[in-house]
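Worksheet: the structure to be examined is printed underneath.
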Amino acid sequence: MTDRSSPTDHPLLEATDVTVRFGGLVALDRVALTVPPATIVGLIGPNGAGKSTLFGVLSGLIRPRAGTVRIDGNDVTRASPQARARLGVARTFQRLELFGELTVRQQLVVAYRAKRRRTLFDLARTLPLDLLGLGNRPAPGEDATVDGALELLGLTSVASVSASAIGLGTGRLVEVARALASQPRVLLLDEPSSGLDARETDELAEVLARLRAEAGVALVLVEHNVGMVLGLADDVTVLDFGEVIARGPAAAIRADAAVQAAYLGTST
Amino acid sequence: MTTYFVAGIVVGSVYAIATLGLVLTYTTSRIFNFAHGAIAFFVAVTFYQATVNWGWNAHLAGVLTIFMFSPLLGLFLWAVLFRRLTESPSSVRLVSTIGLSVALPALAPILYPHIDAVLQPSMLWSPAHEYTIFGVHVDSNQVAVVVAAALIAVLLTVLMRATPYGLSVRAAVDSQTMAGASGVNTSFVTAVSWMIGTTLAGAAGVLLGALRGFTILQFTFLLLGSFAAMVVARMHSLTLAFAGSMAIGLLQELSASQQFQHFLEHFASATNPIILGIRPSIPFIVMLVFLLVYNGLQEERFAIDTRSTAEPVREVVVTRDQPWWRRLLPIAVCLVGVLVAPEFLNGLWLAIVASGLALATAFLSYVVVTGDGGMISLCQITFAGIAAALAAQFATNHNVPVLLAILLGALIVVPIGMLAALPSLRLGSLYLALATLAFSQLVQNTYFQTSRISNFGQGVAVPRPGGLAGDRAFYYLLVVLFVLVALLVRNLERSTTGLNLAAMRSSETATATLGINIVWSKFVAFGLSAFIAGIGGGLYASYAGAANMNQFDALLGAVWLAVVVTWGIRSITGALLAGLSFTIIPQLVTDHLSGRWLNLPTLFFGLGAIALARDPRGILHGATTRRYERRMRRARRTAEPAERVGEPAGAA
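So the sequence lines, in the order shown, correspond to chains A and B. If you use the working numbering, the first sequence corresponds to residues 7 to 274, in order. If you use the working numbering, the second sequence corresponds to residues 1024 to 1675, in order.
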């Protein structure tokens, strides 16, 4: 999509020493995560391990008590979700956040056009056109990107269906397509396979692998489907009770005793 | 000075009683009750009716209205309304209680037809016993109020912190489902809290009436004072609610003291409306200061309320199945009706319909700000009023052509509106609704009262446009202008800005993570709505011949919102029908019913808003949906089961 080359040697997205507390509960305790360009990073852990909270921190929805988030080496810990989106971060949600009043295709159109309206000046400039009825013309390159993303995720047939009328599994794919339409450099996927059947999950895994290979998008994958993560990811981080208990290549994680303990409950 | 200090403590105590009730109901059900003041008023009027018209003993009537009537009213309102709102989107919760705040005061004169327009204060102890405590003269009524407030504050704190009930409340606030699963009867918890909350509103109402008289103005002060205290308390702190109420009561009374008035005379004469407006403006100023403070503090605003601001609309499916002519049918029928109407209407009725058209133009502003933007604004009427006043100044005092004057007035309102929305826009729809309410009261009590604007209560003349001065010609001009503004609104809805607003209504979180600036988009919608309200207000004044600010009374603003919600907040046809019914129905009532029923239309609009808050397309859509569902059922019975696209995504 746009320019992918990282200006420096910094990782694309990096979190260090991130700590989040909700009241007395420590949701994340000095958690670190590094996402180099064009890699797939898996994030696994039992329920309540803090995976979604970490996504909140990375995408700017939750401000950590301590720690930093960097994009291309620049500190964005205090930057808004909007600012991070402009720097190339996109995400999906575990609990679907679709725009129920729009069609599937319109979700992607909103996402594509978002970057073209950055400042209050942009808004003021486009408002007269909007009011005169000229404000719904496709932006340059919009149709290609949007229809491409729809096709990639097999959503072309439901493009004009209202998002409030599609199923949970399709909804997950729409969220992925919407995130893609914003032309991200790093895509945070919160349980994209939940609600999908085995065949759909395989297809999604294939799409994700292609995204990394062809478009150079970096992916962070939170999943319950550990098999899918271990199959796809270059690097896996395991969280349990807000702490990183293991990190490394998929093969190493598969054999890790602490991971097995967290998942299977075997005492060590 | 001490007299004013005592008065301030007493008024502050009454505010505190009301505010504590608001805190309790808000913490248990997350519903901010805009009708709290209306409930207080309703109970107070019932008390007045019992003592003055039925001749009951004042103490007995007080005890019965506060401790029997109020809790029963609370239980009733909980059962029919509040119970259903807990899981609703924020806009539905707000609009429903605003509808209630419109309906209840309108119900009072229908139930109690013999109550005079001006009600005298009626004392609890009359004549009151006089005491001197530490050299300060107080009477028994004042002591009773202060003691009652202190006692209630202590009891509520104990109830919330140290009883099983308080524990259940805190559990229910965290999660209704989890609390229910662990054996807490959440219905019982919320029902009791609404009974207590209504009792406190009733107590505040009766006490305020006893001290200050049963005028609607006093109850507006009570309402604004306790709303401002709620902002200070950030909706949940009993201590801050109490302290804030006291501070606002004290500030209001001290601002009326001779010393302060004397001090002000250095700057302006005592009859200067700006000076007179200080007292009613104090709640707004307090609210503003604390909103700005909290705006700085707010860090995780997305964690506050992740529920969507508007109900997901199912209507998309309905309209998709309709041919284009069927979709345009309602607005086409309305427009043809409006166009041929002058052939059948006499002078009075033509004027009624024409004013309705001007109002309909102003009502289109609700389609933008609430329907599209998902924001509840209670100051659209004030924008209309300011623009009308400005248009009058330009046209009459500066000889600007009237249509240009109206346009200028509407344009000037845009930055004013944006400034009014600025402190609260980030904090969500509840704070915006409160800030806009306070803003409209502020303007009403200062700017609208200046002699240059009010012109001895008549308003400054606004001529009709030259060449179109005839009733009929101006009527057609109004039709054309309504259509033009409606086209602007429709274009906006179909534009990228409109798409962004629609996205925001479903999920602000997802919109933000796509890089869309929510605050700016809302800001644009708010500014545009101020402009549209301004155009409507200017036209309304121009048809009437003068910009009379009584037509733009802040309290009427809630009725405006209620009538638009009834007909459909997201529909241009709805705005048109709302404008027409707002002038036609009261005229029908005046013509055919006795004076007792004058408030009947207002009652209808209030009830309509309550009933239809859930459906952004109002009555119109309700009828369409029912017909559609009937047709679908018939189709299913006769043919193969309709192909389904999938299960609703909302079930996730």
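Built from N, CA and C at the ideal position, the CB exists for glycine as well. Given the structure is predicted, the values throughout are model-derived calculations rather than measurements.
Under the rule that a run must span 4 or more residues, the alpha helix (DSSP H) segments found entirely inside the stretch 1222-1267 of chain B read 1239-1255.
Within the same chain, Cβ atoms closer than 8 Å to the Cβ of residue 42 (chain A) are found at 17, 18 and 224, the five residues on either side in sequence being excluded.
Taking a cut-off of 8 Å on C-beta distances, the stretch 1071-1089 of chain B does not touch the stretch 1261-1279 of chain B, as fewer than three cross pairs fall below it.
Annotation for residue 170 (chain A): 106 place their beta carbon closer than 6 Å to its own, counting only its chain and skipping 5 residues before and after. Contact of residue 121 (chain A) with chain B by beta-carbon distance below 8 Å involves 1538. Annotation for residue 220 (chain A): no beta strand (DSSP E) segment contains it, and DSSP assigns it neither H nor E. Around the Cβ of residue 1463 (chain B), a 10 Å sphere holds 16 or more other Cβ atoms; the residue is buried.
For residue 132 (chain A), the nearest beta carbon of chain B is closer than 8 Å to its own beta carbon. Excluding residues up to 5 positions away in sequence, 32, 33, 34, 35 and 56 lie with their Cβ nearer than 6 Å to the Cβ of residue 248 (chain A) in the same chain. Within the DSSP secondary-structure output, residue 169 (chain A) pairs in no beta bridge. Taking 8 Å as the cut-off, the beta carbon of residue 1061 (chain B) is found closer than this to the beta carbon of residue 1124 (chain B).
Contact check for residue 96 (chain A) and residue 63 (chain A): beta-carbon distance about 15 Å, past the 8 Å limit, so the pair fails to qualify. Around the CB of residue 1154 (chain B), fewer than 16 other CB atoms lie within 10 Å, so the residue is classed as exposed. Residues 1392 and 1459 of the same chain have their beta carbon placed closer than 6 Å to that of residue 1400 (chain B), with the five preceding and five following residues left out of the count. Residues of chain A whose Cβ lies closer than 9 Å to the Cβ of residue 1529 (chain B) are, in chain order, 103, 104, 105, 106, 107, 108, 169 and 170. Exclusion of the five residues before and after residue 1435 (chain B) leaves 1413 as the residues of its chain whose Cβ lies within less than 6 Å of its Cβ. Contact holds between the stretch 1473-1488 of chain B and the stretch 1420-1428 of chain B, because three or more Cβ pairs, one in each stretch, are under 8 Å apart.
Contact between the stretch 76-86 of chain A and the stretch 1515-1523 of chain B is absent, with fewer than three C-beta pairs closer than 8 Å.
As computed with DSSP, residue 80 (chain A) is found in a beta bridge with A:77. Counting C-beta pairs with one atom in each stretch, the stretch 173-189 of chain A and the stretch 1559-1568 of chain B have fewer than three that are closer than 8 Å, which means they do not touch.
Scanning its chain for C-beta atoms nearer than 7 Å, with the 5 sequence neighbours on each side dropped, one finds around residue 65 (chain A) the residues 87, 90, 95, 97 and 194, in chain order. Put simply, of B:1161, B:1280, B:1189 and B:1110 the residue whose alpha carbon is nearest the alpha carbon of residue 1234 (chain B) is B:1161. Taking C-beta separations shorter than 6 Å and ignoring five residues to either side along the sequence, the partners of residue 1035 (chain B) in its chain run 1268, 1269, 1272 and 1273, following chain order.
In this structure, the CA atom of residue 1133 (chain B) is about 9 Å from the CA atom of residue 1626 (chain B). What residue 1518 (chain B) touches in chain A, judged by beta-carbon distance under 7 Å, is 136, 141 and 142, going in chain order. Interface residue (Cβ-Cβ distance to chain B less than 8 Å): residue 189 (chain A) is not classified as such. With respect to chain B, the C-beta atom of residue 41 (chain A) has no partner C-beta closer than 8 Å. Remark: C-beta atoms of residue 265 (chain A) and residue 252 (chain A) approach each other more closely than 8 Å.
The stretch 1036-1051 of chain B makes contact with the stretch 1241-1252 of chain B; the number of CB pairs closer than 8 Å reaches 3 or more.
Closer than 8 Å to the CB of residue 99 (chain A) there is at least one CB belonging to chain B. Here residue 1091 (chain B) is exposed: its Cβ has fewer than 16 other Cβ atoms, across all protein chains shown, within 10 Å. In the structure shown, the three-state DSSP call for residue 1485 (chain B) is coil. Rounded to the nearest whole angstrom, the C-alpha separation of residue 1629 (chain B) and residue 1054 (chain B) is 18 Å.
Among the CB atoms of chain B, none fall inside 8 Å of the CB of residue 70 (chain A). In terms of Cα proximity to residue 58 (chain A), the closest of A:197, A:239, A:267 and A:72 is A:197. When the Cα atoms are used, residue 1362 (chain B) and residue 1505 (chain B) turn out to be separated by approximately 12 Å.
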